[in-house]
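Below is one structure; the comments refer to it alone.
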Amino acid sequence: MSKPFNRRNEPFSVAGHSVPRKDSFAKVSGKATYAIDVSLPRMAHAAVVRSEYPHAVINSIDTKQAEDAPGVLVVATAHDFPKLNLRFGHIIRDHQILALERTLYQGEPVALVVAETRQQAFHAAKLVEVEADELESVTDGRTALSEENSVVLHPDAGDEEPNSSFVEFQGNIPAHVNNICAQMDVSWGDIDEQFSNADVVVESEYDYPMIYGYAMEPYCAVADYHGDRIDVWTTTQHPYSVREDLARVFELPMSDISVQVPYVGGAYGSKAHAKIEPLAVLGSLISGRPVKIVLSIEESILTTRADSANIKAKSAFSSDGTLLARDFDIVLNSGAYTDNSPLVTNKIAHRCFGPYRIPALRVRARSAFTNTVSASSLRGFGAPQGVYAGESQMDEAAEKLGIDPIELRNKNLVGSGDEILPDKRPLETDLKQNMDLLISQLNADNTYDSAAQFRGAEQRLVGTGFALSASDAGSHPSSVAVVRLHIDGSATGMISSTELGQGRTTALAQIIAEELGVPYDFVAIADPDTSTTPYERATGASRTTALVGRALQKACDDVRRRIRSYAKDVFNVSEDDVTDLPAGVSVAGNSYSYGTIIDQWFGAGGEAIGVGEIRQAGDLEQLPPFWEIGTSGVNVEIDSETGQLTISKLATVGDVGFAINPAMTESQDAGAAMMGLGIAMHEELLYSDGHLVNPNVVDYRVPHMSDLPLSTHQVLVERQDGVGPYGSKGAGEGALNPMSAAVTNAVSNAVGRRTYALPLTPERIWRAIHSK
Amino acid sequence: MPNFHLNTRINGTFISCEVPQNTLLIDFLRDRGLTGTKPSCELEVCGACTVLVDSLPASSCTTLAAESHKRNLETIEGLHREGGLTPVQKAFSEEFAFQCGFCTPGMIMSAESLLRQNTDPSREDIIHWLDGNICRCTGYESIVRAVQNAAKKLLGENKEEGGPNEQTVQP
Chain A
5 MSKPFNRRNE PFSVAGHSVP RKDSFAKVSG KATYAIDVSL PRMAHAAVVR SEYPHAVINS
65 IDTKQAEDAP GVLVVATAHD FPKLNLRFGH IIRDHQILAL ERTLYQGEPV ALVVAETRQQ
125 AFHAAKLVEV EADELESVTD GRTALSEENS VVLHPDAGDE EPNSSFVEFQ GNIPAHVNNI
185 CAQMDVSWGD IDEQFSNADV VVESEYDYPM IYGYAMEPYC AVADYHGDRI DVWTTTQHPY
245 SVREDLARVF ELPMSDISVQ VPYVGGAYGS KAHAKIEPLA VLGSLISGRP VKIVLSIEES
305 ILTTRADSAN IKAKSAFSSD GTLLARDFDI VLNSGAYTDN SPLVTNKIAH RCFGPYRIPA
365 LRVRARSAFT NTVSASSLRG FGAPQGVYAG ESQMDEAAEK LGIDPIELRN KNLVGSGDEI
425 LPDKRPLETD LKQNMDLLIS QLNADNTYDS AAQFRGAEQR LVGTGFALSA SDAGSHPSSV
485 AVVRLHIDGS ATGMISSTEL GQGRTTALAQ IIAEELGVPY DFVAIADPDT STTPYERATG
545 ASRTTALVGR ALQKACDDVR RRIRSYAKDV FNVSEDDVTD LPAGVSVAGN SYSYGTIIDQ
605 WFGAGGEAIG VGEIRQAGDL EQLPPFWEIG TSGVNVEIDS ETGQLTISKL ATVGDVGFAI
665 NPAMTESQDA GAAMMGLGIA MHEELLYSDG HLVNPNVVDY RVPHMSDLPL STHQVLVERQ
725 DGVGPYGSKG AGEGALNPMS AAVTNAVSNA VGRRTYALPL TPERIWRAIH SK
Chain B
2 MPNFHLNTRI NGTFISCEVP QNTLLIDFLR DRGLTGTKPS CELEVCGACT VLVDSLPASS
62 CTTLAAESHK RNLETIEGLH REGGLTPVQK AFSEEFAFQC GFCTPGMIMS AESLLRQNTD
122 PSREDIIHWL DGNICRCTGY ESIVRAVQNA AKKLLGENKE EGGPNEQTVQ P
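Going down the list, the sequences are from chains A and B.
Residue 776, in this note's numbering, is where the first sequence stops; the numbers in between run on with no holes.
Residue 172, in this note's numbering, is where the second sequence stops; the numbers in between run on with no holes.
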């Protein structure tokens, strides 16, 4: 597809090219520094004492033995900080940093041990004795909301007002009554009438399990509390959100809090907002030393997971396949504290019904408090859960109607420029073309070596399936960017978007190089630090390239304006005599580099600075900033004797507008798809009697290399129809969102029966094959 | 905890020191500033902490420092010397075979080890050898491609130079 010209009407020199990643050398040489590698002089180490009870009232915490253990500096409980309000949370401030009177889930932090070494801290943490009375607990979402349930997690609800500056959430937070964390309703049309007029109605209940994101770098932070200032190095996605929470808890002005984020060892949404940073600061405050906390993976699982979902879905069709109505009743199991679940509730309500023309819709999404690990954001944000139900049901309906699943979707998909949510930005894309591209990938060149030895055709079941999704992505558009143009013509981008591996350092450097006309090697991107790099709302919702890229373009415009103004002064000419060149300016027919202009204007040294910002205004007035489209499919083969599932082909279509770095964009889709396959086939956190039974990556199995599909086909579609630089839009979640539904549809296609729960383990598939 | 007198070679440098007997190899290395070796699962399943002991991959999270006594240890820091990046490191870079990079040192050490044992691995060989290294970002295909390309490059170099590995590829 055409990638004609940049904003100066020149062919693209850097953007649109798969230039090497900026972090290549650091990451292949082992020199890349992550928060887990940060070490300070006099640094002590902390370990967390966790509740063993699903739900309990704490009677006493005996810290004596731990205090006497070798190397221990101090053992702290919530009672050691009488002057502080030890609650954090960016939407509702209800999350106890250390439990005060009650613990709400097994694994909740109740005390903190600070010692000279991590081993000493871990050893001493085992010596802390918590005496508590166990209470009845509830771990299922629908049970927690039912009338028979008597377990209430937050009886003192309503103490905390929702944070009014968190404008992203648009639903209701009903003061925590009856275990409802948040509720989101979306509806239009006459649902009852449409259902009564329907020729075909499909109705089912779907279960999407609790998922753990498993970023390979566990949660870790180093904090240095100076009384009037806090320095934190942490593995977070959102340094500014962490700063906001720390400022509230420790009652300091934001200007005295430096949150620094080196390379992040994977995040995928699981490192959104504050996690263990408040704990690390408490450790430093009480010990008077810099303190490092590195959680184990088990503890990381006990810190955050993704919301599981129980979805009752009903869809009505006329006999020709026209979609008449959809009705979703969703309960998310959101765990013990609010965290980011209101936003997940918001998003699942927007993302479950799909990019279809729907005359009548009713979605009720409720998020339930339960005595389990607090749930929060994870890649896709409600889309994987909702799309699993919505797109499973489309195939179920196709079968009942006797219409091909492709044809059924073709009949109901919205066209380019159509709305799927009232007053939201219309979809600027061609969904039918995306689907056609996907299907042609799934149908083409289906020769591969079969994974297993099958005795006969009867034993080998083959199937194909796909699913589509549309996500209101991009989050709220607030970003500030600064570009520093140095005297040698090189530039530094100052932004607080974090490098999670998604390639922000590379893509944003490409945008600056393209805008300023300087070589890619002459651009660097600074590491985020809230005391130096400017405000960034979020690194998530696939927004960075498109939205931070826009802010950087404006900063480049500003720096060029400044250079033109310097040139006007230096040569004593009028503004009209100065025009932009790729890496400098032309003054009365002569060309000058940026460096020459800076040098002559200052007389000695100097640099030019440009500022750019984006907000909800102009072409970003209407939200979402962009729709992220998911178009994924698989071909499968199944061993009917064992239920073993093999992905024979994986196909994705990345609807990205414009790929700033095509190789990196494909890598995003490939990773998202594989993460989706893991969820579809293997992953599920399991509770038994209020206890998490598989909190490790042996019993919670993520994809290994041997899970690679036998073949992979990826397509990028570049229609330059996004709001980002050069028509780009977000990527990184799209390929994952429809994956559970796509695999479910393929398995159903192979075995002739539908499944309603994940993961698609051999046992679950075997039962589907052999059920009567 | 009693000490153990450890004599070992790390990235070519001979080390003689006292270490507590229960010191894990990963902590021993990281405390010496070799932070390229990454901790993650702490259960010997993710491969992020992979180092080479006498050219074979080992999970340093479940190996005692004392077990490296009189052995040759290699970490990611030992690969890059005056000659620049190794063909495996270059191939990971060229193929975009990493994102967050946290698994990358362990992945590269496993791949280096594979190509020392098997100069012309099949796709199945690569998948089998690297199955103990988890990557959460890339979806693995680019890693397979990187190892294949590194193998090709090494085979080519060795043929040109008539290097020591040439015999192993003759039928």
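All C-beta atoms in this analysis are idealised placements derived from N, C-alpha and C, irrespective of residue type, glycine included.
Predicted model, so just to flag it, every value in this text is computed and none were measured.
- request: Compare the C-beta of leucine 44/B against all C-beta atoms of chain A and say whether one is closer than 7 Å.
  value: For leucine 44/B, the nearest CB of chain A lies under 7 Å from its own CB, placing it at the interface with that chain.
- prompt: Since glutamine 718/A sits in a beta bridge, which residues does DSSP pair it with?
  reply: Thr656/A
message: Residues of chain B with CB closer than 9 Å to the CB of arginine 508/A, please, in chain order.
response: Within chain B, no residue comes near arginine 508/A; the closest Cβ sits about 11 Å away, beyond 9 Å.
- request: Name, in chain order, the residues that DSSP records as bridge partners for histidine 129/B.
  value: Note: histidine 129/B sits in no beta bridge, so no partner.
- prompt: Could you give the uninterrupted runs of the beta strand (DSSP E) lying entirely in the segment 522-607 of chain A, keeping only those of 3 residues or more?
  reply: 527-529, 582-585, 588-591, 594-597
message: Between the alpha carbons of leucine 690/A and glutamate 158/B, how many angstroms are there, rounded?
response: 51 Å
- request: Could you check which residue in Arg91/A, Pro282/A, Pro363/A, His490/A has the C-alpha nearest to that of glycine 193/A?
  value: Residue Pro363/A is the option with its Cα nearest to glycine 193/A.
- request: Answer yes if the segment 374-393 of chain A comes into contact with the segment 295-310 of chain A, meaning at least three C-beta pairs across the two stretches below 8 Å, and no otherwise.
  value: Taking a cut-off of 8 Å on C-beta distances, the segment 295-310 of chain A touches the segment 374-393 of chain A, as three or more cross pairs fall below it.
- prompt: Any Cβ of chain B within less than 7 Å of the Cβ of leucine 712/A?
  reply: Chain B, which has a Cβ nearer than 7 Å to the Cβ of leucine 712/A, makes this yes.
task: Would you check if the segment 35-53 of chain B and the segment 738-757 of chain A touch, i.e. whether three or more CB-CB distances between them fall below 8 Å?
output: no
- request: Quickly, what does DSSP pair valine 134/A with across the bridge? List them, please.
  value: Ile65/A
message: Which residue marks the beginning of the beta strand (DSSP E) containing isoleucine 613/A, and which one marks its end?
response: 612-618
field: Distance between beta carbons of aspartate 725/A and threonine 349/A, contact taken as under 8 Å
entry: Actually they do not touch by this definition, with Cβ atoms about 29 Å apart.
Cutoff 6 Å; reference proline 532/A; Cβ partners in own chain excluding five residues on either side: Pro243, Val265, Ser500, Thr502
task: Just the chain A side, please: which residues come within less than 7 Å of histidine 81/B by C-beta, in chain order?
output: Ser33
message: Starting from leucine 283/A, trace the alpha helix (DSSP H) in both directions and tell me its first and last residue.
response: 281-291
field: histidine 708/A at chain B interface by Cβ criterion, 7 Å
entry: yes
query: How should glutamine 171/B be labelled, buried or exposed, when 16 other C-beta atoms within 10 angstroms of its C-beta is the threshold for buried?
result: Interpretation of glutamine 171/B is limited by its pLDDT of 33, a score under 50 that renders its predicted location unreliable; no figure is taken from the coordinates.
query: Of all the CB atoms in chain A, is at least one closer than 7 Å to the CB of proline 106/B?
result: Yes, because at least one Cβ of chain A sits closer than 7 Å to the Cβ of proline 106/B.
message: Using C-beta distances below 6 Å, list every residue in its chain close to leucine 53/B, excluding the 5 sequence neighbours before and after it, in chain order.
response: Glu75, Met110, Ser114
- prompt: If phenylalanine 630/A and glycine 478/A are in contact, beta carbons under 8 Å, what's the gap, nearest whole angstrom?
  reply: Right, their Cβ atoms sit about 5 Å apart.
- prompt: Touching or not, the segment 711-718 of chain A and the segment 677-692 of chain A, by the rule of three or more beta carbon pairs under 8 Å?
  reply: yes
task: Go ahead and pull the three-state DSSP assignment for glutamate 158/B.
output: helix
- request: Answer with yes or no whether the minimum CB distance from isoleucine 301/A to chain B is below 7 Å.
  value: yes
Glycine 394/A: first and last residue of the uninterrupted beta strand (DSSP E) it sits in: Looking at the DSSP string, glycine 394/A is not in any beta strand (DSSP E); the run it does join, the alpha helix (DSSP H), is 387-405.
- prompt: For the segment 100-127 of chain B, which residues have a CB atom closer than 7 Å to at least one CB atom of chain A, in sequence order?
  reply: Gln100, Cys101, Gly102, Phe103, Cys104, Thr105, Pro106, Ile109
- prompt: With distances taken from CA atoms, which of Ala746/A, Arg11/A, Arg12/A, Tyr216/A is nearest glycine 394/A?
  reply: Ala746/A
- prompt: Taking C-beta to C-beta, are threonine 635/A and leucine 442/A nearer than 7 Å?
  reply: In contact: threonine 635/A and leucine 442/A (Cβ atoms closer than 7 Å).
message: If I follow the unbroken beta strand (DSSP E) through glycine 634/A, where does it start and stop?
response: First-last of the beta strand (DSSP E) with glycine 634/A: 630-643.
- prompt: Alpha carbon to alpha carbon, how far is leucine 256/A from histidine 230/A?
  reply: 11 Å
query: When the Cα of lysine 275/A is compared with those of Tyr212/A, Lys296/A, Gly728/A, Ala545/A, which residue comes out closest?
result: Ala545/A
- prompt: Whole alpha helix (DSSP H) runs in the segment 18-67 of chain B with 4 or more residues, listed along the chain?
  reply: Complete alpha helix (DSSP H) runs here, min 4: 26-32.
field: Pick from Ile96/A, Leu104/A, Pro74/A, Tyr596/A that is closest to leucine 88/A, judged by C-alpha positions
entry: Here the closest residue by C-alpha is Leu104/A.
field: Neighbouring residues, chain B, relative to aspartate 27/A (Cβ below 7 Å)
entry: Gly102
- request: Kindly indicate the opening and closing residues of the beta strand (DSSP E) around leucine 80/B.
  value: Premise fails: leucine 80/B is in no beta strand (DSSP E) and is neither H nor E.
field: Selection of the segment 686-710 of chain A by Cβ proximity to chain B, strictly under 8 Å
entry: Asn700, Val701, Val702, Val706, Pro707, His708, Met709, Ser710
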